[in-house]
Amino acid sequence: MVKVGIPRGLYYYKFSTLWEKFFTELGAEIVVSDKTNKNTILEGANHCVSEACLPIKVYYGHVINLLGKADFIFLPRFTSISRKQYICPEVAGVQDMIKNSIKILPRVIDTEINLRKSEKNSWLAALYTGEFLTDDKKKIKTAYEHALEAYRNERRIMKSGVMVDEFKQETGTLPLRVIQKRSTSITVAVLGHCYTVYDSFINMELIHKLREYGIGVVTLDMLDYQESKERCKELHKNLFWDYGTRAYGGIIQLIENGGIDGIIAITSFGCGVDSFVIELVEKKVRSESDIPFMKLVLDEHSAEAGFCTRLEAFVDMIVRRGTIDNNVSTYR
Amino acid sequence: MIITFPHIGNTYIIAKSFLDDFGSEYIVPPFNTNKTLELGAKYTPEAHCLPFKLFVGNMLQAHQLGADTMLITGGCGPCKLGYFGEMLKKTADEIGINMDVITLEVPDQGFKELAARVRKVSGTSNIFNIARVVNDAKNVAVQLDNIERLARIKRARQLEPGSVDRIYRSFQTEVLNYKGSKEILKFLKDIEKKLKKLPVNEKATPLKVGIVGEIYTTIEPYANFSIERMLGNMGVEVDRQVTISGWIINDMFKKALHLPREGEDVRESKAYLKSMVGGHAHHTIGNTVVHAKKGYDGVIHLYPLGCMPEIVSQAILPAVEENHQIPVMTIIRDEMTGEAGFNTRVEAFVDLIRKRREEHLNEQNKMLYGY
Numbered sequence: 051m052v053k054v055g056i057p058r059g060l061y062y063y064k065f066s067t068l069w070e071k072f073f074t075e076l077g078a079e080i081v082v083s084d085k086t087n088k089n090t091i092l093e094g095a096n097h098c099v100s101e102a103c104l105p106i107k108v109y110y111g112h113v114i115n116l117l118g119k120a121d122f123i124f125l126p127r128f129t130s131i132s133r134k135q136y137i138c139p140e141v142a143g144v145q146d147m148i149k150n151s152i153k154i155l156p157r158v159i160d161t162e163i164n165l166r167k168s169e170k171n172s173w174l175a176a177l178y179t180g181e182f183l184t185d186d187k188k189k190i191k192t193a194y195e196h197a198l199e200a201y202r203n204e205r206r207i208m209k210s211g212v213m214v215d216e217f218k219q220e221t222g223t224l225p226l227r228v229i230q231k232r233s234t235s236i237t238v239a240v241l242g243h244c245y246t247v248y249d250s251f252i253n254m255e256l257i258h259k260l261r262e263y264g265i266g267v268v269t270l271d272m273l274d275y276q277e278s279k280e281r282c283k284e285l286h287k288n289l290f291w292d293y294g295t296r297a298y299g300g301i302i303q304l305i306e307n308g309g310i311d312g313i314i315a316i317t318s319f320g321c322g323v324d325s326f327v328i329e330l331v332e333k334k335v336r337s338e339s340d341i342p343f344m345k346l347v348l349d350e351h352s353a354e355a356g357f358c359t360r361l362e363a364f365v366d367m368i369v370r371r372g373t374i375d376n377n378v379s380t381y382r
Numbered sequence: 059m060i061i062t063f064p065h066i067g068n069t070y071i072i073a074k075s076f077l078d079d080f081g082s083e084y085i086v087p088p089f090n091t092n093k094t095l096e097l098g099a100k101y102t103p104e105a106h107c108l109p110f111k112l113f114v115g116n117m118l119q120a121h122q123l124g125a126d127t128m129l130i131t132g133g134c135g136p137c138k139l140g141y142f143g144e145m146l147k148k149t150a151d152e153i154g155i156n157m158d159v160i161t162l163e164v165p166d167q168g169f170k171e172l173a174a175r176v177r178k179v180s181g182t183s184n185i186f187n188i189a190r191v192v193n194d195a196k197n198v199a200v201q202l203d204n205i206e207r208l209a210r211i212k213r214a215r216q217l218e219p220g221s222v223d224r225i226y227r228s229f230q231t232e233v234l235n236y237k238g239s240k241e242i243l244k245f246l247k248d249i250e251k252k253l254k255k256l257p258v259n260e261k262a263t264p265l266k267v268g269i270v271g272e273i274y275t276t277i278e279p280y281a282n283f284s285i286e287r288m289l290g291n292m293g294v295e296v297d298r299q300v301t302i303s304g305w306i307i308n309d310m311f312k313k314a315l316h317l318p319r320e321g322e323d324v325r326e327s328k329a330y331l332k333s334m335v336g337g338h339a340h341h342t343i344g345n346t347v348v349h350a351k352k353g354y355d356g357v358i359h360l361y362p363l364g365c366m367p368e369i370v371s372q373a374i375l376p377a378v379e380e381n382h383q384i385p386v387m388t389i390i391r392d393e394m395t396g397e398a399g400f401n402t403r404v405e406a407f408v409d410l411i412r413k414r415r416e417e418h419l420n421e422q423n424k425m426l427y428g429y
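So the protein lines, in turn, are chains A and B. For the first sequence, the working numbering begins at 51 and goes up steadily by one. For the second sequence, the working numbering begins at 59 and goes up steadily by one.
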């Protein structure tokens, strides 16, 4: 059986079901790289230019982890994943970065995914991918349809508020610091790219920790994208990054909805898209609501103590705002 | 309405001729200095890139002189530049100054909106009139790039050190006394003649270095510590393929008319970077290949900290370096204004390529390429 390696990084956290289902239906064996760990980051950082952001380095690490384990390696080239929108340039170019810096790669399935002009292009991408494994067009078509169905199903489940357990990264791999349950009725929105929010190693188990505090978590995937897109029209110029639309539109929905008690934005150091998007979001939150907002910047330094302290302080602040008085500052 | 615009190298001359021809009122902001950067950095979050900070600095300094409208160009690529307009407006509102931002691009609302914006700047809606003025501005841009190119060649060969800079510097301030594209063009032609007359060492075979990278950092002398002058005065001939006139012709004219606009550089880069990642990543990689093929001694790659497309090209450049055996040095510019460290790196690089060329000539090629 042909082995297809999929790096567990970047958009794997969004499309894992789609890809896995598609390749299985085509009769391939799937090898997903190990969960992100210290070694992944170390290997990635060693092979990647130092200026790249953390998720890119982690992706490098995952690719290196797959070397020698698979016949094919699936490195899709993302240009756009929704109409009239782009992906961050680094993610768009990561395939070429890897091809030019890691010398011994297995055969690369280098599908281009560009839905900027038309969403029908996703079928063309699937066809291109499938042809690496089989000549049977019909088989590809069926596999594509089944995969799409599975993916949509998963999205639907996520929208109802259930986390598809951080994409199979079952929690509890790191010993958690002593966590005291703070509350049972607080909800916090976690804002960030799917590859920082769901990768529990690089965000130091943020979601798991929040849950242990007894806090409900909302992520951007639980919000309606069409609605977000509609809300973004209040800007003079539409954001041309997919993530920007999701985050900005999402935050407006959350503010209007009023059901959340705090917002945590996680971003990786040097993220160009976030430097603008989070800035816009922060201004929006601060000017139109009194929801506490905290920005956490992630990088390779995995000093958990400082991270925990800030998180604890933030959570305590929210709890006290609710129970003691309403005069606690919304700043951090 | 008093218009202003950000500084990118000699672009202020183009903008000046453009606005003069329309008879609009405008203010040329003071040239970029540490003060400009300080002002910009004060009002922008740290994660924003250097060009944005300098844009904000320009905006504030122009506002002090009375400007109330900022004219910039835009885009819709994944590079951050496409969103500068909106962010500048938000920053101006936050600082509390009254500053309108006009972005010259084809916006979401279509060509009608672009026409409205042009009308706002020009005060005329006569399409032929506008086309003529834009064409004249293009001619000024081409002439400016000719002067820059000539200055780069002359500098590496000048007999009397500083003779080129004396003419070049005086022209940058003197040009402000002329009005309209006709006068400016005439003045620029005179300068070109003056430069051509300068005595040079005809026998010199200077080292050749190509400059590639992000457009703002490579063109704006403040953002690259006048690297062209620095190298030129070390006796190195500099070449920079990405120019303002090239940008106007390729990204404004040809794009608007849907003409094919793939140059040699973009074709060469396709082997390394297949899809579009925005910014000038393709030009950076392609031009490195082109320079290598033309037998240049080295390439310097410049970009501001946090520039996404150039990080991609930085990761790819080592492969080009190896395939074409050309030394490449990447220098990243941030708000730190330590010029000495920058000089040291450039000097070391020049020493390396000089040594490398000598050994090449003696056929004892032992030097490592790169770094």
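Note that the Cβ used here is the ideal one computed from N, Cα and C, for glycine as well.
First and last residue of the uninterrupted alpha helix (DSSP H) at B/Asn193: In the second sequence, residue 193 of chain B corresponds to position 135, counting from 1. First-last of the alpha helix (DSSP H) with B/Asn193: 185–215.
Neighbour list for A/Leu285 in chain B, Cβ cutoff strictly below 8 angstroms: Translated into positions along the first sequence, residue 285 of chain A becomes position 235. Scanning chain B for C-beta atoms nearer than 8 angstroms to the C-beta of A/Leu285 yields Glu144, reported in chain order.
When A/Tyr245, A/Val141, A/Ile80 are compared against B/Leu331, the one with the closest alpha-carbon: Taking the first residue of the second sequence as 1, we reach residue 331 of chain B at position 273. B/Leu331 has its Cα closest to that of A/Val141, out of A/Tyr245, A/Val141, A/Ile80.
Extent of the continuous beta strand (DSSP E) run through B/Thr102: Stepping through the second sequence from its first residue, residue 102 of chain B is reached at position 44. Element bounds for B/Thr102: n/a, residue is neither H nor E.
Exposure label - B/Ser327; buried when at least 16 CB within 10 Å: Your numbering for residue 327 of chain B matches position 269 in the second sequence. That one is buried.
Chain B contact for A/Arg261 (CB, 7 angstroms cutoff): Position 211 of the first sequence, counted from the start, is the residue given in the question as residue 261 of chain A. No, because no Cβ of chain B sits closer than 7 angstroms to the Cβ of A/Arg261.
Within the stretch 106–137 of chain B, ranges of the beta strand (DSSP E) (whole runs, at least 3 residues): 127–131
Touch test, the stretch 305–313 of chain A against the stretch 79–93 of chain A, Cβ-Cβ under 8 angstroms, three pairs minimum: As far as the Cβ criterion goes, the stretch 305–313 of chain A does not touch the stretch 79–93 of chain A, which means the pair count is below three.
Within chain B, the residues that A/Arg127 reaches when beta carbons sit closer than 8 angstroms: Position 77 of the first sequence, counted from the first residue, corresponds to residue 127 of chain A. Per Cβ cutoff of 8 angstroms: Lys332, Ser333.
A/Tyr63 beta carbon less than 7 angstroms from that of A/Tyr194: Looking up residue 194 of chain A in the first sequence gives position 144. Looking up residue 63 of chain A in the first sequence gives position 13. Against a cut-off of 7 angstroms, the Cβ pair of A/Tyr63 and A/Tyr194 comes out as no contact.
Cβ neighbours of B/Tyr226 in the same chain (closer than 7 angstroms, five flanking residues each side left out): By one-based count along the second sequence, residue 226 of chain B stands at place 168. Correct list, in chain order: Ala209.
7 angstroms CB neighbourhood of B/Tyr236 in its chain, flanking five on each side removed: On the second sequence, position 178 is the one that residue 236 of chain B refers to. So the qualifying residues of the chain are Ile242, Phe245.
Simplified DSSP state of A/Glu350, which is helix, strand or coil: As a working note, residue 350 of chain A is residue 300 in the first sequence. Residue state, collapsed to three classes: coil.
Buried versus exposed, by CB contacts within 10 Å (16 or more), A/Glu255: Taking the first residue of the first sequence as position 1, residue 255 of chain A is located at position 205. So A/Glu255 counts as buried.
C-beta neighbour in chain B for A/Arg382, strict 7 angstroms: Here residue 382 of chain A is taken as the residue at index 332 of the first sequence, counted from 1. With a pLDDT of only 48 at A/Arg382, under 50, the local geometry of the prediction cannot be trusted, and the value read off the model is given with reservation. No, no contact with chain B.
Residues near B/Glu232 in its chain [Cβ-Cβ closer than 8 angstroms; skip 5 each side]: Position 174 of the second sequence, counted from the first residue, corresponds to residue 232 of chain B. Only Phe245 meet the Cβ criterion.
Beta strand (DSSP E) segment containing A/Asn164, residue limits: As a working mapping, residue 164 of chain A is identified with position 114 in the first sequence. Looking at the DSSP string, the run of the beta strand (DSSP E) that includes A/Asn164 is 162–164.
Residues from the stretch 286–308 of chain A in contact with chain B, defined by Cβ distance under 8 angstroms: His286, Lys287, Asn288, Leu289, Phe290, Trp291
Residue-chain proximity (B/Ile71, chain A), Cβ-Cβ < 7 angstroms: As a first step, residue 71 of chain B is located in the second sequence; it is residue number 13 there, counting from the start. With 7 angstroms as the cut-off, B/Ile71 does not count as an interface residue toward chain A.
Helix, strand or coil at A/Leu92 according to DSSP, with G and I counted as helix: To locate residue 92 of chain A, count along the first sequence from 1; it is residue 42. Residue state, collapsed to three classes: helix.
Per-residue DSSP class, three states only, for A/Lys167: Looking up residue 167 of chain A in the first sequence gives position 117. For A/Lys167, the three-state secondary structure derived from DSSP is coil.
CB contact below 7 angstroms: A/Tyr136 versus chain B: Counting from 1 along the first sequence, the entry for residue 136 of chain A is found at position 86. Judged by the 7 angstroms Cβ criterion, A/Tyr136 is in contact with chain B.
Rounded separation between A/Asp271 and A/Arg205 - CA only: In the first sequence, residue 271 of chain A corresponds to position 221, counting from 1. In the first sequence, residue 205 of chain A corresponds to position 155, counting from 1. The alpha-carbon atoms of A/Asp271 and A/Arg205 are separated by roughly 8 angstroms.
Neighbouring residues, chain B, relative to A/Ala142 (Cβ below 7 angstroms): Here residue 142 of chain A is taken as the residue at index 92 of the first sequence, counted from 1. Ordered by position in chain B, the residues that pass the 7 angstroms Cβ test against A/Ala142 are Pro136, Ser333, Val335.
8 angstroms Cβ cut-off: residues of chain B touching A/Val99: As a working note, residue 99 of chain A is residue 49 in the first sequence. Near A/Val99 (Cβ distances below 8 angstroms), the residues of chain B are Ile369, Gln372, Ala373.
Contact with chain B by A/Asn96, beta-carbon distance below 7 angstroms: Working through the first sequence from its first residue, we reach residue 96 of chain A at position 46. No, its Cβ sits nowhere closer than 7 angstroms to a Cβ of chain B.
Uninterrupted beta strand (DSSP E) stretches inside the stretch 378–405 of chain B (no shorter than 3 residues): The beta strand (DSSP E) runs of length 3 or more contained entirely in the stretch 378–405 of chain B are, from start to end of the chain, 386–391.
Amino acids of chain A, ordered along the chain, whose beta-carbon sits closer than 8 angstroms to that of B/Tyr141: Taking the first residue of the second sequence as 1, we reach residue 141 of chain B at position 83. Ordered by position in chain A, the residues that pass the 8 angstroms Cβ test against B/Tyr141 are Lys287, Leu289, Phe290, Phe326.
Residues that A/Arg157 bridges to, as DSSP identifies them: In the first sequence, counting from the first residue as 1, residue 157 of chain A sits at position 107. Answer is A/Phe122, bridged to A/Arg157.
beta-carbon A/Lys189 near the ligand NAD non-hydrogen atom, thresh 6 angstroms: Looking at this structure, you won't find the ligand NAD or any other ligand, since it has none at all.
Given B/Val296 as reference, the closest of B/Glu286, B/Ile302, B/Trp305, B/Ser303 once Cα atoms are compared: In the second sequence, the residue the question calls residue 296 of chain B occupies position 238. The option with the nearest alpha carbon to B/Val296 is B/Glu286.
Assigned secondary structure, B/Asp158 (DSSP; H/G/I helix, E/B strand, else coil): To locate residue 158 of chain B, count along the second sequence from 1; it is residue 100. DSSP places B/Asp158 in strand when its eight states are reduced to three.
Counted within 10 angstroms of its Cβ, other Cβ atoms place B/Leu129 as buried (16 or more) or exposed: As a position in the second sequence, residue 129 of chain B is number 71, starting the count at 1. Its Cβ being crowded by 16 or more others within 10 Å, B/Leu129 is buried.
Proximal residues to B/Arg215 (C-beta, below 7 angstroms), its chain only, five neighbours per side dropped: Here residue 215 of chain B corresponds to residue number 157 of the second sequence, with the count starting at 1. For B/Arg215, where only same-chain residues beyond five positions count, the Cβ hits under 7 angstroms are Val258, Asn259, Ala262, Pro264.
When A/Phe124, A/Ile163, A/Val108 are compared against A/Ser130, the one with the closest alpha-carbon: Sequence index remark: in the first sequence, residue 130 of chain A carries index 80 (1-based). The candidate whose alpha carbon is nearest that of A/Ser130 is A/Ile163.
Within-7 angstroms CB hit, A/Glu329 to chain B: Position 279 of the first sequence, counted from the first residue, corresponds to residue 329 of chain A. A/Glu329 counts as touching chain B.
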